[in-house]
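Each remark here refers to the structure printed beneath this line.
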Amino acid sequence: MTGRSVPETASNASTGKDGRQFAPSTPRNKDAILALLKARLGDAGRLLEIASGTGEHVIHFAQALPNWQFQPSEIDPERIASIRAWIGHTKTDNVASPITLDAAQTGWGRGVEVDAISMCNLFHLISKEHARIILSECSQALTPNGLLMIYGPFKRDGALTSDGDSRFHASIKAHNPDLGYKNDQEIRDWIEALGFLIEDIVEMPANNLSFVARKTSP
Numbered sequence: 001m002t003g004r005s006v007p008e009t010a011s012n013a014s015t016g017k018d019g020r021q022f023a024p025s026t027p028r029n030k031d032a033i034l035a036l037l038k039a040r041l042g043d044a045g046r047l048l049e050i051a052s053g054t055g056e057h058v059i060h061f062a063q064a065l066p067n068w069q070f071q072p073s074e075i076d077p078e079r080i081a082s083i084r085a086w087i088g089h090t091k092t093d094n095v096a097s098p099i100t101l102d103a104a105q106t107g108w109g110r111g112v113e114v115d116a117i118s119m120c121n122l123f124h125l126i127s128k129e130h131a132r133i134i135l136s137e138c139s140q141a142l143t144p145n146g147l148l149m150i151y152g153p154f155k156r157d158g159a160l161t162s163d164g165d166s167r168f169h170a171s172i173k174a175h176n177p178d179l180g181y182k183n184d185q186e187i188r189d190w191i192e193a194l195g196f197l198i199e200d201i202v203e204m205p206a207n208n209l210s211f212v213a214r215k216t217s218p
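Under this note's numbering, the sequence shown has 53 at position 53, and the numbering climbs by one with no breaks.
Encoded structure:
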């Protein structure tokens with residue numbers, strides 16, 4: 001995202017000979033996130049993934065949801081290359097070529113029309129200002145009744161709830177004090193203020209949360 005600088009501990013993917021990158025957390029969370037999407041998405045539509053990272057998630061979701069069209073996006077050229085490599089390796093035909101998108105820039109939502117937006121492991125790595133811009137742009141990009149799904153680590157009632165989360169949050173804040181874990185209630189308030197209905201806040205693997213919201217305003 002705009003001006004984003006994160007500690008090395010926040011990105012520890014390895015790269016294979018063919019350019020595909022592998023994040024160690026993906027095997028632990030991809031099935032749980034997919035199950036959530038399957039339960040909430042309709043029969044078919046268009047899904048934009050913000051900050052697609054290595055590309056492993058979008059490929060996994062697309063292979064299990066063949067009637068959906070997936071649009072990955074990233075700002076990091078190395079991640080863009082990995083997403084392309086994953087598409088080429090798996091020949092997944094319902095995943096479009098990744099686009100370069102800085103979702104923390106205002107204005108992009110007016111040129112997009114999608115039925116669902118997902119993002120994984122992003123909000124702790126951006127500022128509150130950028131998180132709010134992303135949510136606002138998502139509200140413009142989604143069609144009526146469109147689905148918003150946000151997955152990642154968050155505080156609960158303002159508190160960090162595990163030693164691992166406390167250490168990770170501290171490492172992020174030490175690198176950049178504007179970043180770090182956001183509070184679950186704060187995220188709820190921001191989403192609802194934009195006219196979304198919070199359908200659920202789901203406990204996920206490794207002490208993460210998923211926010212599931214539906215666009216209700218025009």
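By construction, the Cβ of each residue, glycine as well, lies at the ideal position given by its N, Cα and C atoms.
In the DSSP assignment, the beta strand (DSSP E) including residue i goes from what residue to what residue?
i, result
"Ile198", "Phe196 to Met204"
"Pro77", "No beta strand (DSSP E) contains Pro77, which is instead part of the alpha helix (DSSP H) from Pro77 to Thr90."
"Asp115", "Val114 to Cys120"
"Phe168", "Phe168 -> not in any beta strand (DSSP E); alpha helix (DSSP H) instead, spanning Asp163 to His175."
"Lys155", "Where Lys155 is concerned, there is no enclosing beta strand (DSSP E), given that its DSSP letter is neither H nor E."
"Ala213", "Asn208 to Lys215"
Compute the beta-carbon to beta-carbon distance between residue i and residue j, rounded to the nearest angstrom, for a pair I have assumed lies under 8 Å.
i, j, result
"Ser118", "Ile83", "Actually they are not in contact, since the Cβ atoms of Ser118 and Ile83 sit about 14 Å apart, beyond 8 Å."
"Leu47", "Gln71", "7 Å"
"Ile150", "Phe196", "The Cβ separation is near 11 Å, so there is no contact."
"Trp68", "Ala103", "Contact doesn't hold; Cβ gap of about 20 Å is too wide."
Which same chain residues, not among the five before or five after residue i, have their C-beta less than 8 Å away from its C-beta?
i, result
"Thr54", "Ala13, Arg20, Gln21, Phe22, Ala23, Thr26, Arg79, Ser82, Ile83 and Trp86"
"Ser166", "Leu160"
"Ile59", "Trp86, Ile87, Thr90, Thr92 and Val95"
Since residue i is in the alpha helix (DSSP H), which residue starts that stretch and which ends it?
i, result
"Gln69", "Segment Trp68 to Glu74 is the beta strand (DSSP E) holding Gln69; no alpha helix (DSSP H) there."
"Val58", "Glu56 to Ala64"
"Leu48", "Element bounds for Leu48: not the alpha helix (DSSP H) but the beta strand (DSSP E), Gly45 to Ile50."
Does the beta-carbon distance from residue i to residue j come in below 7 Å?
i, j, result
"Asn94", "Pro77", "no"
"Arg214", "Glu199", "yes"
"Pro205", "Tyr181", "no"
Counting only the same chain and skipping the five closest in sequence on each side, list residues whose C-beta sits under 6 Å from that of residue i.
i, result
"Glu137", "Trp108 and Gly109"
"Ile33", "Tyr151"
Who are the near neighbours of residue i in its chain, counting only those whose CB is closer than 7 Å to its CB and skipping five residues on each side?
i, result
"Leu135", "Trp190, Ile191 and Leu194"
"Phe61", "Leu34, Leu37 and Phe70"
_Does the region 135-148 come into contact with the region 158-174, if we say contact requires no fewer than three beta-carbon pairs (one atom in each stretch) closer than 8 Å?_
no
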